[in-house]
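Residue numbers (my numbering), protein chains in the order written: chain A, 437 to 568; chain B, 437 to 568; chain C, 437 to 568.
Glycine is no exception: its CB is placed at the ideal position from the N, C-alpha and C atoms.
A short worksheet on the structure shown next.
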């Protein structure tokens with residue numbers, strides 16, 4: 437089990453962690469199996485999306501913020517209910533196949549840590565399971 | 437494979453099933469691996485979110501209901517299309533690492549069964565895979 | 437690892453791939469374990485939902501399109517940011533238990549490939565892991 441550190445510098449931010457995950461898989465020595473990426477936070481999530489044009493990440497965050505603004509008729513006193521909602525919508529984990537010690541991602545796919553209540557110093561757990 | 441029963445008493449409800457999942461993992465005898473939690477329903481989901489302030493769960497349900505009300509221009513005659521949509525947004529499964537026979541959850545994380553068309557008697561499947 | 441082909445004929449479409457996934461599991465020879473279904477695209481996703489009434493799929497797509505229309509104040513020049521957002525909301529993978537060489541799905545559940553920027557020829561990766 438590898439614990440990566442992700443440092444965010446804005447309230448909402450999508451950070452490409454693909455190379456960090458790839459390195460953790462290589463260091464695990466697992467040649468074939470499943471890479472499990474887990475976010476142990478409740479105001480951040482993780483997703484797989486396009487890694488070519490940064491505007492895609494901008495547009496995802498723009499739309500989430502437009503439809504789920506920070507201010508609403510929320511009861512939670514910390515003022516970050518929107519971040520909790522966005523975290524559940526994106527999800528707490530992604531899984532990617534490992535073949536030949538590499539990640540089986542599509543041509544345009546990257547793995548993105550999704551910060552919704554930053555800036556903060558975050559953790560990302562990566563576990564490579566040897567399977568098959 | 438353990439099949440847990442979750443009894444809901446409202447139409448929309450988030451129920452903390454963390455201790456039930458933890459117990460299933462302990463009873464499985466798996467010391468290290470992956471806990472797979474699966475909802476075999478189409479109008480309920482499962483997510484991981486904050487377990488400290490119940491207002492977080494209230495706010496998640498409030499926002500889902502505000503944006504995805506039961507009544508809309510739906511064709512499905514059962515009147516629960518909103519519940520099907522919410523189920524897919526939350527997802528049908530979550531995965532959590534197992535270490536030392538315990539769940540590797542973040543400090544504020546709990547596992548929540550998400551009822552969107554209750555009250556009902558629901559099932560939650562938990563499988564602990566011994567890995568690594 | 438099996439790579440299935442999914443051919444879509446509309447921009448937005450939910451295609452039932454349950455029988456294809458089931459066949460891939462049978463052909464894998466895995467009697468007990470986990471079926472991992474992965475979409476290697478960034479404008480398509482995958483979800484589990486009702487397989488009885490096609491209106492449920494219609495209603496899911498209707499609501500996603502109503503709330504996330506193709507046109508908005510997006511920066512991504514390809515004009516498909518809505519598809520990228522929908523892909524992350526549905527997710528890039530689903531997992532289903534395998535028992536007795538069959539999928540452990542609920543009574544009304546099917547696995548749906550979610551096209552959000554078709555029509556296209558798409559890929560769906562299925563890997564059956566022998567476990568437990």
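Based on DSSP bridge pairs, tell me the residues matched to residue i.
i: residue 529/C; result: 474/C
i: residue 548/C; result: 452/C, 483/C
i: residue 521/A; result: The partner list for residue 521/A (beta bridge, DSSP) is empty, contrary to what the question assumes.
i: residue 469/A; result: 534/A, 566/A
i: residue 539/A; result: 534/A
In the DSSP assignment, the beta strand (DSSP E) including residue i goes from what residue to what residue?
i: residue 485/C; result: 480-486
i: residue 439/B; result: 438-443
i: residue 557/C; result: 557-566
Which stretch, first to last residue, makes up the alpha helix (DSSP H) that contains residue i?
i: residue 497/A; result: 490-503
Would you mind sorting residue i into buried or exposed? The rule is 16 or more other CB atoms within 10 Å of its CB.
i: residue 445/B; result: exposed
i: residue 522/C; result: buried
i: residue 502/B; result: exposed
i: residue 448/C; result: buried
i: residue 527/B; result: buried
i: residue 439/B; result: exposed
i: residue 471/C; result: buried
i: residue 441/C; result: exposed
i: residue 455/C; result: exposed
i: residue 564/B; result: buried
i: residue 545/A; result: buried
i: residue 459/B; result: exposed
i: residue 479/C; result: buried
i: residue 495/C; result: buried
i: residue 553/A; result: buried
i: residue 443/A; result: exposed
>> Would you call the segment 450-463 of chain A in contact with the segment 501-521 of chain A, where contact means no fewer than 3 C-beta pairs closer than 8 Å?
In response: no
>> Can you confirm whether the segment 463-483 of chain B touches the segment 553-565 of chain B when touching is taken to mean that 3 or more C-beta pairs between the two stretches lie within less than 8 Å?
In response: yes
> Just checking, does the segment 530-542 of chain A make contact with the segment 507-514 of chain B on the three C-beta pairs under 8 Å criterion?
Replying inline: no
> Relative to chain C, which residues along the segment 483-497 of chain A have a C-beta separation below 7 Å, given in chain order?
Replying inline: 483, 484, 485, 486, 489, 491, 492, 494, 495, 496
> Which residues, taken in chain order from the segment 443-477 of chain A, show a beta carbon closer than 7 Å to some beta carbon of chain B?
Replying inline: 472, 474, 476, 477
>> Closer than 9 Å between beta carbons: that is the criterion. Which residues of the segment 539-561 of chain B meet it against chain C?
In response: 559, 561
> Given a limit of 9 Å on CB to CB distance, which residues of the segment 495-520 of chain C reach chain B?
Replying inline: 495, 496, 498, 499, 500, 502, 503
>> Can you pull out the residues from the segment 526-540 of chain A whose beta carbon lies closer than 8 Å to at least one beta carbon of chain B?
In response: 527, 528, 529, 531
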